[in-house]
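The structure appears right after this line, and notes come after that.
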Amino acid sequence: MRRLLYAGMLLLTACSNVADLRTRAPIANWVSTKPAQMVADCIRGSWEDQRIGLEANGAALQSAGARFTVVSPPNGVPSEVADIEATSTGSKIAVYAQAALDLGGRKSKRIDAAHKCT
Numbered sequence: 003m004r005r006l007l008y009a010g011m012l013l014l015t016a017c018s019n020v021a022d023l024r025t026r027a028p029i030a031n032w033v034s035t036k037p038a039q040m041v042a043d044c045i046r047g048s049w050e051d052q053r054i055g056l057e058a059n060g061a062a063l064q065s066a067g068a069r070f071t072v073v074s075p076p077n078g079v080p081s082e083v084a085d086i087e088a089t090s091t092g093s094k095i096a097v098y099a100q101a102a103l104d105l106g107g108r109k110s111k112r113i114d115a116a117h118k119c120t
């Protein structure tokens with residue numbers, strides 16, 4: 003029953019791709035003195051290893067110039083996205099998430115894991 007409810011909420015609030023998710027305000031953003039590539043690799047690794055509920059959702063790293071994007075899960079509709087951009091002093095990080103996907107503190111777990119990388 004819980005899975006059915008979760009699936010219904012996902013369908014009602016789902017963004018179909020990363021660009022759609024970016025149209026919403028980030029749930030967190032901050033700066034780091036670490037290089038963008040290093041921060042992006044760390045976030046990908048921490049999200050990939052992190053268990054949300056009963057399973058690890060995985061994560062994928064994409065890059066375009068000085069911008070890196072970590073997407074979780076790596077296939078299908080994105081639940082969380084972290085954008086990491088290189089700056090003259092390090093990097094700028096923004097985390098986006100589906101509005102209804104905060105079961106079990108999911109958003110705060112993703113933010114905490116990403117923040118530890120900076």
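Be aware that the sequence shown starts at 3, since it is given in the working numbering, and climbs by one per residue. Ideal Cβ placement from N, Cα and C applies to all residues, glycine included.
In the assembly as shown, Arg46 is a buried residue. Its beta-carbon has 16 or more other beta-carbons within 10 Å. Between Gln100 and Val79, the gap from beta carbon to beta carbon is short of 9 Å. DSSP places Arg69 outside any alpha helix (DSSP H); the residue lies instead in the beta strand (DSSP E), whose first and last residues are Arg69 to Ser74. Note that the C-beta distance between Gly60 and Ser48 is not below 9 Å. Ranked by how close their Cα comes to the Cα of Ala66, the residues Arg26, Ala38, Ser34 and Pro28 have Ala38 in first place. Using a 10 angstroms sphere on the CB of Ser34, the tally of other CB atoms reaches 16 or more, which defines it as buried.
Positions of the beta strand (DSSP E) runs, each at least 3 residues long and wholly inside the region 21-56, are given as 30-34 in order along the chain. In the three-state DSSP reduction, Lys111 falls in the helix class (H, G or I).
Under the three-state reduction of DSSP, Ala116 is assigned to helix. Each of Pro28, Ile113, Ala42 and Val20 was checked against the Cα of Glu87, and the nearest Cα belongs to Ala42.
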